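Each remark here refers to the structure printed beneath this line.
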Amino acid sequence: SAVISQKPSRDICQRGTSLTIQCQVDSQVTMMFWYRQQPGQSLTLIATANQGSEATYESGFVIDKFPISRPNLTFSTLTVSNMSPEDSSIYLCSVAGTSGGYNEQFFGPGTRLTVL
Amino acid sequence: KQEVTQIPAALSVPEGENLVLNCSFTDSAIYNLQWFRQDPGKGLTSLLLIQSSQREQTSGRLNASLDKSSGRSTLYIAASQPGDSATYLCATGNTPLVFGKGTRLSVIA
Numbered sequence: 002s003a004v005i006s007q008k009p010s011r012d013i014c015q016r017g018t019s020l021t022i023q024c025q026v027d028s029q030v031t032m033m034f035w036y037r038q039q040p041g042q043s044l045t046l047i048a049t050a051n052q053g054s055e056a057t058y059e060s061g062f063v064i065d066k067f068p069i070s071r072p073n074l075t076f077s078t079l080t081v082s083n084m085s086p087e088d089s090s091i092y093l094c095s096v097a098g099t100s101g102g103y104n105e106q107f108f109g110p111g112t113r114l115t116v117l
Numbered sequence: 747k748q749e750v751t752q753i754p755a756a757l758s759v760p761e762g763e764n765l766v767l768n769c770s771f772t773d774s775a776i777y778n779l780q781w782f783r784q785d786p787g788k789g790l791t792s793l794l795l796i797q798s799s800q801r802e803q804t805s806g807r808l809n810a811s812l813d814k815s816s817g818r819s820t821l822y823i824a825a826s827q828p829g830d831s832a833t834y835l836c837a838t839g840n841t842p843l844v845f846g847k848g849t850r851l852s853v854i855a
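Chains A and B supply the protein sequences, listed in that same order. First residue of the first sequence? That's 2 in this note's numbering, and the numbers climb one at a time after it. First residue of the second sequence? That's 747 in this note's numbering, and the numbers climb one at a time after it.
Quick look at the structure:
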């Protein structure tokens, strides 16, 4: 299994500002994922971040709003730009590992963001 | 596109009861299926991973089954405890996972 940490664990931000969330993994992984969980909802994939290439964004998410960095195989950042109250969510970093040859995903503790 | 549905959305049971949470998915060509637990405002804890070639997995009081032909998985919790109160999420797909909306479980002492 993989141990994932995220910083910050929570934050309260003002409308129009930006927040960068960090994700650190205790082992090298190829694929890292960023999810959003809006209040009372399930997880929605924002993007897939592979080291050495640009992130791949899901429908409804764009790089200008959610720029992602992946400088090495153990670290990634997600920035939530020009925030509005609708961005209030839990943001979760996830990595894919292998269990018996099959992919298994592990999740960080999440970053709870409140935008005022 | 894979869609995952969980029923019921919420469930309240007295302590000690056995219970079943249901998960259905539209695309049976899955690689594996994972069950997660999420406490309020927290991240996800992986409970069980069922590989596509398997029919069930067990961990302690938890047992998860998988029926690919019918597109269903169930999570069975035996002898429920108040500490089991959480939201349980089912997810499947070929990395990354697609999630259901979860079942919010309350176990009353």
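Every residue gets a Cβ at the ideal spot worked out from N, C-alpha and C, and that includes glycine. Just so you know, these numbers come straight off a predicted model, no measurement behind them.
*Do the region 20 to 34 of chain A and the region 756 to 774 of chain B make contact, defined as three or more Cβ pairs closer than 8 Å?*
no
*Between the CA atoms of residue 788 of chain B and residue 84 of chain A - distance to the nearest angstrom*: Here residue 84 of chain A refers to the residue found at position 83 when the first sequence is read from its first residue. Here residue 788 of chain B refers to the residue found at position 42 when the second sequence is read from its first residue. Rounded to the nearest angstrom, the two C-alpha atoms are 21 Å apart.
*Using 8 Å as the limit for Cβ to Cβ distance, is residue 55 of chain A near chain B?*
The sequence position of residue 55 of chain A within the first sequence is 54, counting from 1. Answer no: the Cβ-Cβ gap between residue 55 of chain A and chain B never drops below 8 Å.
*Within the same chain, show all residues whose beta-carbon is closer than 6 Å to that of residue 59 of chain A, passing over the 5 residues directly before and after it, in chain order.*
As a position in the first sequence, residue 59 of chain A is number 58, starting the count at 1. Cβ neighbours of residue 59 of chain A beyond the five flanking positions: 46.
*Ignore the nearest five residues each way along the sequence and tell me which others in residue 91 of chain A's own chain have a CB closer than 6 Å to its CB.*
Taking the first residue of the first sequence as 1, we reach residue 91 of chain A at position 90. Counting only Cβ-Cβ distances below 6 Å, and skipping sequence neighbours, we find 38, 111 and 113.
*Using the beta-carbon of each residue, which ones in chain A are nearer than 7 Å to residue 834 of chain B?*
As a working mapping, residue 834 of chain B is identified with position 88 in the second sequence. In chain order: nothing, as chain A lies at least about 11 Å away.
_Buried or exposed by the 16-neighbour rule on C-beta atoms within 10 Å, applied to residue 6 of chain A_ = Here residue 6 of chain A refers to the residue found at position 5 when the first sequence is read from its first residue. By the 10 Å Cβ count, residue 6 of chain A comes out exposed.
*Among the residues of its own chain, which have a CB less than 7 Å from the CB of residue 832 of chain B, if the five just before and after it don't count?*
Looking up residue 832 of chain B in the second sequence gives position 86. 783, 784, 785 and 851.
_Between residue 37 of chain A and chain B, is any beta-carbon pair separated by less than 8 Å?_
Here residue 37 of chain A refers to the residue found at position 36 of the first sequence. False, the Cβ-Cβ gap to chain B never drops below 8 Å.
*When burial is assigned at 16 or more other CB atoms within 10 Å of the CB, is residue 117 of chain A buried or exposed?*
For the purposes of this step, residue 117 of chain A is taken as the residue at position 116 of the first sequence. Its Cβ having fewer than 16 others within 10 Å, residue 117 of chain A is exposed.
*Should residue 48 of chain A be labelled buried (16 or more other beta-carbon atoms within 10 Å of its own) or exposed?*
Start at 1 with the first residue of the first sequence, and residue 48 of chain A comes out as number 47. It counts as buried.
*Taking 8 Å as the CB-CB cut-off, is residue 817 of chain B touching chain A?*
Counting from one through the second sequence, the residue named residue 817 of chain B turns up at place 71. No - not a single Cβ of chain A is within 8 Å of the one on residue 817 of chain B.
*asked:* With a threshold of 8 Å between beta carbons, is residue 780 of chain B in contact with chain A?
replied: Locating residue 780 of chain B in the second sequence gives position 34, where the first residue counts as 1. Judged by the 8 Å Cβ criterion, residue 780 of chain B is in contact with chain A.
*residue 853 of chain B versus B:807, B:810, B:827 and B:843, residue with shortest Cα-Cα distance*: As a working note, residue 853 of chain B is residue 107 in the second sequence. Among B:807, B:810, B:827 and B:843, the Cα nearest to that of residue 853 of chain B belongs to B:827.
*asked:* Report the CB separation of residue 803 of chain B from residue 106 of chain A in whole angstroms; it is logged as a contact under 8 Å.
replied: Within the second sequence, numbered from 1, the residue matching residue 803 of chain B stands at position 57. Within the first sequence, numbered from 1, the residue matching residue 106 of chain A stands at position 105. That belief does not hold up - the Cβ atoms of residue 803 of chain B and residue 106 of chain A are roughly 16 Å apart, past 8 Å.
*In terms of alpha-carbon separation, which member of A:40, A:3, A:33 and A:4 lies closest to residue 88 of chain A?*
Walking along the first sequence from the start, residue 88 of chain A turns up at place 87. The shortest C-alpha separation from residue 88 of chain A is found at A:40.
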